[in-house]
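Residue numbers (the numbering used here): 4 to 92.
By construction, the Cβ of each residue, glycine as well, lies at the ideal position given by its N, Cα and C atoms.
All figures in this text were calculated on a predicted structure; none of them were measured in a lab.
What follows is a single structure, written as structure tokens, with notes after it.
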Amino acid sequence: VEGLVKALAIELAPMNIRVNAIAPTFIETPMTAPMFEDGGFRAEVMSKIPLGRVGVPQDVAEAAAFLASDGAALVTGTSLKVDGGWTAQ
């Protein structure tokens, strides 16, 4: 995905089109709820998240809103990680 995002960002930049991706890790949703009911699994996931909480759909929505905003006018060709620091380790 990262390679595609970068290639499209370069190709579409002359048309003033920005291309980015959002890369969440575990997000608490009805689909993931059964996994998080397992205390051992939840503890293992939590031990990997420096910010100390599992993401919720609103976290991903806020990332998308930022990337679509004027505040991200010069952001293109990147993946925004929404993972509480998991992949920073």
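- Could you check which residue in N23, A24, R56, A26 has the C-alpha nearest to that of F39? From the listed residues N23, A24, R56, A26, the smallest Cα separation to F39 is found for R56.
- Contact check, V4 vs L11 under 8 Å by CB: the rounded distance? The beta-carbon separation of V4 and L11, rounded to 11 Å, does not stay under the 8 Å limit for a contact.
- Query: Three-state secondary structure (DSSP) at G43?
  - Reply: Helix at G43.
- Message: With distance defined between alpha-carbon atoms, name the residue in A46, L77, L70, P37 nearest to P17.
- Response: Comparing C-alpha distances from P17 to each of A46, L77, L70, P37 shows the shortest one belongs to L77.
- Task: Just tell me which of W89, L7, E14 has its CA closest to the CA of L54.
- Result: Distances from the CA of L54 to each of W89, L7, E14 were compared; the closest alpha carbon is that of W89.
- Sort out for me which residues DSSP pairs I20 with in a bridge. I20 pairs with nothing; no bridge assigned.
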